[in-house]
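Per the working numbering, the first sequence runs over residues 1 to 471. Some notes on the structure that comes next.
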Amino acid sequence: MTLRVYNTLTRRKEPFQTIEPGKVRMYVCGPTVYDNAHLGHAVSLLVYDIIRRYLEHKGYEVRHVMNYTDVDDKIIQRAQELGEDPNALAERYIQAFEKNMRELGVLWPTVQPRVTREIDWIQRMVQGLLEKGYAYEAAGNVYFDVTKDEDYGKLSGRKLEDLRAGVRIEPDPNKRHPADFALWKAAKPGEPWWESPWGPGRPGWHIECSAMNLHHLGEQIDIHGGGQDLIFPHHENEIAQSESYTGKEPFVRYWMHNGMLRVRGEKMSKSLGNYITVDEFLAQHEPDILRMILLNAHYRSPIDYDEPQVQQAKQALARLRNAMRPAYPNAPGAAQEVLERLQAQIQATREGFEAAMDDDFNTAAALAHLFDLVRAINQARDAGATDEELKPAQDLLRELGEGVFGLHLQPQDEQASAADIGPLMDLLLEVRAELRKKKQFDLADRIRDRLAELGFRIEDTPHGTVWRREA
RNA sequence: GGCGACGUAGCCAAGUGGUAAGGCAGGGGCCUGCAAAGCCCUGAUUCGCGGGUUCGAAUCCCGCCGUCGCCUCCA
1 MTLRVYNTLT
11 RRKEPFQTIE
21 PGKVRMYVCG
31 PTVYDNAHLG
41 HAVSLLVYDI
51 IRRYLEHKGY
61 EVRHVMNYTD
71 VDDKIIQRAQ
81 ELGEDPNALA
91 ERYIQAFEKN
101 MRELGVLWPT
111 VQPRVTREID
121 WIQRMVQGLL
131 EKGYAYEAAG
141 NVYFDVTKDE
151 DYGKLSGRKL
161 EDLRAGVRIE
171 PDPNKRHPAD
181 FALWKAAKPG
191 EPWWESPWGP
201 GRPGWHIECS
211 AMNLHHLGEQ
221 IDIHGGGQDL
231 IFPHHENEIA
241 QSESYTGKEP
251 FVRYWMHNGM
261 LRVRGEKMSK
271 SLGNYITVDE
281 FLAQHEPDIL
291 RMILLNAHYR
301 SPIDYDEPQV
311 QQAKQALARL
321 RNAMRPAYPN
331 APGAAQEVLE
341 RLQAQIQATR
351 EGFEAAMDDD
361 FNTAAALAHL
371 FDLVRAINQA
381 RDAGATDEEL
391 KPAQDLLREL
401 GEGVFGLHLQ
411 PQDEQASAAD
421 IGPLMDLLLE
431 VRAELRKKKQ
441 FDLADRIRDR
451 LAELGFRIED
461 TPHGTVWRRE
471 A
């Protein structure tokens, strides 16, 4: 089965073929670091994390680049408001962002370039675009001339005439066409600047990604990802710059765009003020809950964030985790027929999961296959299967649920601490079993309740009492 | 105004020509002293609405209604 990926450029799912066999060059647009990350940023991180995990699961070696925009209007403005050095401000938010990345458990990008450290590559591209006649200078600025680019608008499906008509802000008098965009911006007093052939200034927003791609991945790449809100103008402009500069098409084989996170039907964004920061979310919920919310939908669909969603994800996650629980105490072993059914489900799950993921990373369908496996595991456990007998199915659940989806189905620390208190817990449960035998349920329940307060859940199954630590 | 996406049970959601996955919530049952977890059974004759194409459509076409995104910085 081959992977098929939806390409925004062609608006179709296409067979996934990399430039170099077995290797994927993937670029994902990172944040502008002028404030704390909100859940929208987290969605993007998690979506491409899951995509990358699946590619690696399939055996690809992924070179994953995620940039930081660490110099731009908003950073400068914010720094001026706070009386802080723009570089220091950017650095502060990069650190905060990376803390969130660690908390969310995303695989670390191979390279994390920053605009301020790529100035020479950026200038080289600007210069090249000028020389080739795709750009022009005006008052210390350099603009890309969209009329020189034959197929400008192909990604977002826009025509130049429409853009001219639809301009909402007053056109920059330096621009020849309203859709022209800055490659290099002349520095205003008090702004960070670099020396250049066109005078002191700094890079425009779009050129950085083109330059970083060229520098870290090459003239042509396999996957370029980002939020759907970046399709226009950001990615459209990237294509224009990169293809005009290198003369090679396509710049990107597969343009991927994730759906927006919404709140009460509207996009979660800074400007609307309807956002929840990653820190705020993580103070209330574990990161896997956000992962579950995403896994339950397709990455290209918008997702509404609300409390019911969170609760549903939480319950679903608990169901996955419960399947990882051990066999009942003194399990006698399941009947041959039961084990055969479990074995058949293992096979069906592996195949179904991969087929779903191969279809443009259909995580919702893949997750459904995981739940089928969950049911089979629980059935087998109820039928008396031993740990040994459950192991192959649970191993698969862990391989796919943890390895590909990035969930934590069996936290390491829980197991470690469990080992330490095991004997103590056995003693307590022994006493409690005596109490129950003597029908002293008030005392037995008190032990159960008190242990629950301490974070240990006791459950009396038909086969004996089991306990586990609760998060 | 232009470009694009979406509308499937109470909720989330997959499914893009062959007769509606999965999860959450709910109801009934099993198990249990109770609880929890788990298991079994249970829900859309129907996929925003109206036409059309087809032997057959949630899936294709046309129209309408509604929601959202982009066109300005945004993951």
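Beta carbons are placed, not taken as given, at the ideal position from N, Cα and C, and that holds for glycine. Remember, it's a predicted structure, so these values are computed and weren't measured experimentally.
Query, Result
"In angstroms with no decimal places, state the Cα-to-Cα distance between Ala323 and Gln394.", "7 Å"
"Quick check: the Cα distance between Ser242 and Ile303, rounded to an integer number of angstroms?", "32 Å"
"Closer than 7 Å to a non-hydrogen atom of the ligand MN - does that hold for the CB of Gln80?", "The model on display carries no ligand, and the ligand MN is accordingly not part of it."
"Whole angstroms is fine: what's the gap from Cys209's alpha carbon to Glu238's?", "7 Å"
"Rounded to whole angstroms, what is the Cα-Cα separation between Met26 and Gln343?", "36 Å"
"Trp108 lies in the alpha helix (DSSP H); which residues open and close that run?", "Looking at the DSSP string, Trp108 is not in any alpha helix (DSSP H), and its letter there is neither H nor E."
"Which residue marks the beginning of the alpha helix (DSSP H) containing Lys314, and which one marks its end?", "Glu307 to Asn322"
"Based on the DSSP output, what are the partners of Ile221 in its beta bridges?", "Val252"
"Could you name each continuous beta strand (DSSP E) segment of 3 residues or more that falls completely within the stretch 2-36, going from the start of the chain to the end?", "4-7, 12-15 and 23-28"
"Compute the Euclidean distance between the alpha carbons of Glu459 and Arg468, then round it to the nearest angstrom.", "9 Å"
"Only counting the same chain, and skipping five residues up and downstream in sequence, which positions put a Cβ closer than 7 Å to that of Gly153?", "Lys159, Leu160 and Glu236"
"By the DSSP assignment, the beta strand (DSSP E) with Tyr143 in it spans what residues?", "Asn141 to Phe144"
"Here's the rule: buried if 16 or more other CB atoms are within 10 angstroms of the residue's CB, otherwise exposed. What is Trp473?", "It is not possible to answer for residue 473, since the shown part of the chain is limited to 1 through 471."
"Would you give the residue range spanned by the beta strand (DSSP E) that Glu459 belongs to?", "Phe456 to Thr461"
"Could you check the C-alpha separation between Tyr34 and Lys58 for me, to the nearest Å?", "36 Å"
"Please report how far the alpha carbon of Arg117 lies from the alpha carbon of Asp70, in whole angstroms.", "9 Å"
"If we count the other Cβ atoms within 10 Å of its Cβ and call it buried at 16 or more, is Asn330 buried or exposed?", "exposed"
"DSSP puts Phe181 in a beta bridge; with which residues?", "Phe144"
"So the alpha helix (DSSP H) His216 belongs to, where does it begin and stop?", "Trp205 to His216"
"Please name the residue in Val374, Ala452 and Gln228 whose C-alpha comes closest to that of Arg341.", "Val374"
"I want to know whether the stretch 246-263 touches the stretch 290-304 - three or more CB-CB distances under 8 Å.", "yes"
"What residue does the beta strand (DSSP E) around Leu261 start on, and which one ends it?", "Leu261 to Val263"
"Per DSSP, Glu61 is paired with what?", "Lys23"
"One question on the structure: do Leu294 and Val47 come within less than 8 Å of each other, judged by their Cβ atoms?", "yes"
"Among the candidates Glu81, Asn213, Leu367 and Gly201, whose CA atom is the shortest distance from the CA of Val28?", "Asn213"
"With respect to the alpha helix (DSSP H) encompassing Arg341, which residues constitute its N-terminal and C-terminal limits?", "Gln336 to Asp358"
"Classify Leu17: buried if its beta carbon has 16 or more other beta carbons within 10 angstroms, exposed otherwise.", "Per the sequence presented here, residue 17 reads as Gln, with Leu not at that position. Its Cβ having fewer than 16 others within 10 Å, Gln17 is exposed."
"Tell me the DSSP secondary structure of His257 in three-state form.", "strand"
"Determine the extent of the alpha helix (DSSP H) in which Gly157 is found, giving its start and end residues.", "Gly157 -> no alpha helix (DSSP H), and no H or E assigned at all."
"If I measure Cβ to Cβ from Met66 and keep anything under 6 Å in the same chain, skipping five residues before and after, which residues do I get?", "Val28, Gly30, Pro109 and Gln112"
"Hey, quick one: how far does the alpha helix (DSSP H) through Val374 stretch, first residue to last?", "Thr363 to Asp382"
"Ala364 to Asp372, Cα distance in whole Å?", "13 Å"
"So what does DSSP say about Ala385, is it helix, strand or coil?", "coil"
"Under 8 Å: do the stretch 251-259 and the stretch 4-24 share three or more Cβ pairs, one atom per stretch?", "yes"
"Tell me whether Asp49 sits in a helix, a strand or coil according to DSSP, three-state version.", "helix"
"How many angstroms separate the CA atom of Lys314 from the CA atom of Glu286?", "9 Å"
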